[in-house]
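A.B. asks: I am attaching a structure below and will ask some questions about it afterwards.
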Amino acid sequence: MLSNMCVRANLRLPADVLRALKSARKTEKSKTGLTVLDAIIQNSVLAGRESIPLCQDTGFAVVFLEIGQDIRITGGDLYNAVNNGIRKGYLKGYLRKSVVGKPFSNRKNTGDNTPAVIHANIVPGNRLKITLLPKGGGAENMSRLKMLTPAMGRKGIEDFVVETVKRAGSNPCPPVIVGVGIGGTSDKAMLLAKKALLRKTGKPSGDRETAKLEKALLSKINALGTGPAGFGGTTTALAVHVETFPCHIASLPVAVNLQCHSARRVEATL
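In my numbering, the protein residues as written are -5 to 264.
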């Protein structure tokens, strides 16, 4: 199943992402920006029709597991099973293998896009939910974390997020989806930012205060003028998704994880 998910994720944009792109086309004020958006949309159509990956960078496989506390998994190591699925999917689908085993020495390619980054979470129920997020290098490289002081407050958060997107420029292949994690510890904030990308594109936070922050950030980011592919325009981001968690009285961690316009995501529940 996971092997098929690898192929499907790389050939078809989720419906919510495609809707967001088409919606952006209606409001984009730059002619060049419109041309880029049209090309992105047409690319998604051709990818599905011709069974060609949406992007040559078919991503580092990031897998989120929601494991129901009432189930028992037997027959072997779950993480090994996940990596076997990724391995089979990237080989079967002729998808580019982008993982190197030694990050700071010989950087030899592992040849099968494993190991995956796996995040496992125990949840109520008797189901196993698997979400695959193939993450491209250009967008992932623009990730940032900053440990703000509590006194910097909401303004400090907004300034940091907007600055991060501005500094990223065209590198993350805009229009982007901006994942923001606020609170917890440094590692928790980074995970929250990544998990924020799993939300349906443009769906606001269920928390009213956080939803207002998302709206304000999206407005400021789209006022930067970076535009589609960095060629200028009013659509630098399709959405801003913010996830929060309680934090220490002395801390205000803020993390940003950008997702490119090829926002691939697929999930299955067993």
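Even for Gly, the Cβ is constructed at its ideal location relative to N, Cα and C.
Rounded to a whole number of angstroms, what is the C-alpha to C-alpha distance between E261 and I112?
C.D. replies: Looking at the two C-alpha atoms, the distance is approximately 14 Å.
A.B. asks: Tell me, please, whether the stretch 17 to 37 touches the stretch 84 to 102 by the rule of three or more beta-carbon pairs shorter than 8 Å.
C.D. replies: Output reads no: the stretch 84 to 102 does not touch the stretch 17 to 37.
A.B. asks: What residue does the beta strand (DSSP E) around N115 start on, and which one ends it?
C.D. replies: Taken as a continuous stretch (DSSP letters only), the beta strand (DSSP E) holding N115 covers V111 to V117.
A.B. asks: Mapping the DSSP letters down to three states, classify C0 as helix, strand or coil.
C.D. replies: Three-state result, C0: helix.
A.B. asks: Suppose contacts are defined by Cβ-Cβ distances below 8 Å. Is Q253 in contact with I176 by that definition?
C.D. replies: No, these two residues do not count as a Cβ contact at 8 Å.
A.B. asks: Look at the alpha carbon of M141 and the alpha carbon of D181, and state the distance between them as a whole number of angstroms.
C.D. replies: Each residue's alpha carbon lies about 11 Å from the other.
A.B. asks: Using 10 angstroms around the beta-carbon of F58, count the other beta-carbons present and answer buried if the total reaches 16, otherwise exposed.
C.D. replies: Buried is the call here.
A.B. asks: Per DSSP, L59 is paired with what?
C.D. replies: Paired residue(s): A114 and I124.
A.B. asks: Grab the span of the beta strand (DSSP E) containing Q50 for me, first residue to last.
C.D. replies: No beta strand (DSSP E) holds Q50; DSSP gives it neither H nor E.
A.B. asks: If we call anything under 8 Å between Cβ atoms a contact, is A110 one with M136?
C.D. replies: Their beta carbons are not under 8 Å apart, which means A110 does not touch M136 by this criterion.
A.B. asks: Specify whether the stretch 23 to 32 and the stretch 221 to 236 touch according to this definition: at least 3 beta carbon pairs, one from each stretch, less than 8 Å apart.
C.D. replies: Contact between the stretch 23 to 32 and the stretch 221 to 236 is present, because at least three Cβ pairs lie under 8 Å.
A.B. asks: Just the Cα atoms here: how many angstroms apart are G150 and I67?
C.D. replies: Roughly 44 Å separates the two Cα atoms.
A.B. asks: Rank D153, C167 and E60 by C-alpha distance to the C-alpha of V174 and give the top, closest one.
C.D. replies: Of D153, C167 and E60, the residue nearest in Cα terms is D153.
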